[in-house]
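If you use this note's numbering, the sequence shown closes out at 362, no skipped numbers anywhere. What follows is a single structure, written as C-alpha cells, with notes after it.
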Amino acid sequence: MTMTKGRIERVGAIGFGDAYVYIREEGISAARAAGGWPAEKAWERQFKRDVFARIVQTLRRIGWSVLPWDESDQYKAIALNHRTCSKGDLKGQLEMSGRCIKFEMWQDVTLSENRNGGRYDFGKEARMPYLLRIEMERARLRIRDYLLNAFTGYVFEPSAPKIGLNGATALEYAKHSQRSSGHYVEHLGRASFNSPSNGFTRDGVAIEDGAKVYAITRKGRVVYGAAYYSLNGRWMVVTGKHGVEWADHRELYAACPGDPRVKRNARQRRQRIEGEMASAIKAMKFERAAVLRDILFPGKPALFAIWNEQNSLYHRAGTCGYTSDLSEAGKFTEDEVRGWDRAPNKVIALSSEAVPA
6 MTMTKGRIER VGAIGFGDAY VYIREEGISA ARAAGGWPAE KAWERQFKRD VFARIVQTLR
66 RIGWSVLPWD ESDQYKAIAL NHRTCSKGDL KGQLEMSGRC IKFEMWQDVT LSENRNGGRY
126 DFGKEARMPY LLRIEMERAR LRIRDYLLNA FTGYVFEPSA PKIGLNGATA LEYAKHSQRS
186 SGHYVEHLGR ASFNSPSNGF TRDGVAIEDG AKVYAITRKG RVVYGAAYYS LNGRWMVVTG
246 KHGVEWADHR ELYAACPGDP RVKRNARQRR QRIEGEMASA IKAMKFERAA VLRDILFPGK
306 PALFAIWNEQ NSLYHRAGTC GYTSDLSEAG KFTEDEVRGW DRAPNKVIAL SSEAVPA
C-alpha cells in the first residue's frame, strides 16, 4: 500500500513487554467528547489507517506472513481489528482495541507449561530458543523505529530494568520503580505515604529512603539492607548488588528481631503440612496422614474445625479462606478455638457424629 510522504502529526507511546510491543494513544477521549460515538469511530478508523496498516506493512517487509484472523468465524464483530501472523516457527497476533495496538509473539517449539500452548505461557521471551528470540526482538525493534520516524509525537517508553549480571543493579531497579510510579512526588523522591504509619518500622522507628533495616521476607527469613519506599506501606529492601526483597512496613525492624538464623515461617509451615495431610487423606494414605498429624499436634490433643454458618463452609488452616471439604478444613486445638464458638461460627469436634449436615 502507498503511504503518505513526510511525517504525520500523531502523539502516542510505544513500549515493550514479554514478547510483545504495544502502541497507545490518548486522542480517542477528546474525539468522543467533541462529537460523540460517530467522532470516536472516525478517530478509530484513522488510527487504523495511520498506525495499524503501517505495522502490517512493516511486518511484511521483514518476511512475516500477515493473514486474516484465524478466529474470525467465531468472533466476527472484532475480526477486522485482528491479524494472525507467522514467520517460521515464530507466531504472532496483531490486534487493535480502541486507542491501543498490540503485537504479541510466541512459539510452540519448546515444551509449553500451559496446556493451551506457548501463547499462554508466562515468561515467553525466556522460553524462546535463541534464534527465535533474536527474530522476535528484531520484529518489535523494526516496528518501533518505523513508527518513531513516521509520527512526530511518538515516544518510546523503556521497559522496567531487569536485575542481573548484564542488567540493572538492585538499587537502579528500586529507583526506577519509584520514578515510574504514577504516585511519584518529585520533591520527596518517592510516593507519599498513604498513612503516617507507613513510615515507621514494627518497632516504632521512623524510616526514610536508604535507611538500614531488618526485614522478614515472605518465606520467613530475616534479611538486612537499605529500604526504599514503594506504595501502600510496601518497601523495597536492597540486600546486595542484585538482591531486593519486598516487605510491608510492619515487617521491617530497626533492630534485629531476634536470631536471624531462625525462620519466622510457623504459619506457612503449618498451612503446608495441613495441606499435605489433606492430600494424604484424599489419596487414602492414612499412615502418612497420621505421621503428619503427629508432627503438627504431638501428644494427640483433641482437634476441632470451625464451621461458618453464614457461608456454609469450613475455615481453612489458619482461618485463611474457606472450603466445603472437611478434609481440607483447618485443624485447631482447644486453645486455638476458644472464643470462636459464636455466631456466625460454630466449633465442631472432628468426629463423624459432630459434622453438620
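Even glycine gets a Cβ: it sits at the ideal position worked out from N, Cα and C.
Among the options, nearest to residue i - alpha-carbon criterion
| i | options | result |
| --- | --- | --- |
| residue 315 | 130, 348 and 274 | 348 |
| residue 254 | 182, 159, 234 and 87 | 234 |
| residue 220 | 350, 243, 183 and 179 | 243 |
| residue 84 | 102, 322, 67 and 34 | 102 |
| residue 259 | 100, 285, 217 and 293 | 217 |
| residue 195 | 38, 202, 207 and 213 | 213 |
| residue 138 | 25, 43 and 310 | 25 |
| residue 321 | 149, 350, 305 and 304 | 350 |
| residue 13 | 23, 265, 39 and 59 | 59 |
| residue 127 | 88, 140, 111 and 181 | 111 |
| residue 142 | 97, 55 and 173 | 97 |
| residue 36 | 29, 30, 45 and 215 | 45 |
| residue 280 | 51, 78, 330 and 161 | 330 |
| residue 27 | 189, 105 and 296 | 105 |
| residue 56 | 93, 117 and 150 | 150 |
| residue 52 | 19, 15 and 81 | 15 |
| residue 209 | 173, 38, 160 and 262 | 262 |
| residue 93 | 134, 168 and 352 | 134 |
| residue 226 | 265, 241 and 215 | 265 |
| residue 332 | 241, 115, 284 and 293 | 284 |
| residue 140 | 113, 95 and 125 | 95 |
As assigned by DSSP and simplified to three states, the class of residue i
| i | result |
| --- | --- |
| residue 321 | coil |
| residue 227 | strand |
| residue 213 | coil |
| residue 124 | helix |
| residue 361 | Because residue 361 sits at a pLDDT of 43, beneath the cut-off of 50, its placement in the model cannot be relied upon, and the following sentence gives the value as read from the coordinates. DSSP places residue 361 in coil when its eight states are reduced to three. |
| residue 26 | strand |
| residue 80 | coil |
| residue 113 | coil |
| residue 208 | coil |
| residue 264 | coil |
| residue 351 | strand |
| residue 48 | helix |
| residue 314 | coil |
| residue 13 | strand |
| residue 133 | coil |
| residue 239 | strand |
| residue 97 | strand |
| residue 87 | strand |
| residue 57 | helix |
| residue 63 | helix |
| residue 291 | helix |
| residue 346 | coil |
| residue 92 | strand |
Spatial distance of residue i from residue j (CA atoms)
| i | j | result |
| --- | --- | --- |
| residue 192 | residue 21 | 29 Å |
| residue 207 | residue 158 | 48 Å |
| residue 179 | residue 119 | 31 Å |
| residue 354 | residue 334 | 12 Å |
| residue 155 | residue 61 | 14 Å |
| residue 30 | residue 204 | 37 Å |
| residue 360 | residue 251 | Residue confidence is low: residue 360 scores 43 on pLDDT, short of 50, so the model does not pin down where it sits. No coordinate-derived value is stated. |
| residue 238 | residue 248 | 20 Å |
| residue 306 | residue 267 | 27 Å |
| residue 152 | residue 274 | 52 Å |
| residue 170 | residue 177 | 13 Å |
| residue 188 | residue 34 | 23 Å |
| residue 352 | residue 325 | 16 Å |
| residue 323 | residue 173 | 39 Å |
| residue 345 | residue 228 | 36 Å |
| residue 342 | residue 199 | 35 Å |
Distance CB(residue i)-CB(residue j) smaller than 8 Å
| i | j | result |
| --- | --- | --- |
| residue 270 | residue 336 | no |
| residue 64 | residue 144 | yes |
| residue 291 | residue 338 | no |
| residue 23 | residue 129 | yes |
| residue 272 | residue 282 | no |
| residue 181 | residue 201 | no |
| residue 286 | residue 300 | no |
| residue 67 | residue 147 | yes |
| residue 236 | residue 164 | no |
| residue 109 | residue 18 | no |
Beta-carbon separation (whole angstroms), residue i vs residue j, contact threshold 8 Å
| i | j | result |
| --- | --- | --- |
| residue 123 | residue 175 | That pair is no contact at about 31 Å. |
| residue 42 | residue 32 | Actually they do not touch by this definition, with Cβ atoms about 15 Å apart. |
| residue 74 | residue 90 | Going by Cβ atoms, the distance from residue 74 to residue 90 rounds to 10 Å, so no, they are not a contact pair. |
| residue 100 | residue 121 | So it is not a contact: roughly 17 Å between Cβ atoms. |
| residue 288 | residue 257 | About 41 Å; that fails the 8 Å criterion. |
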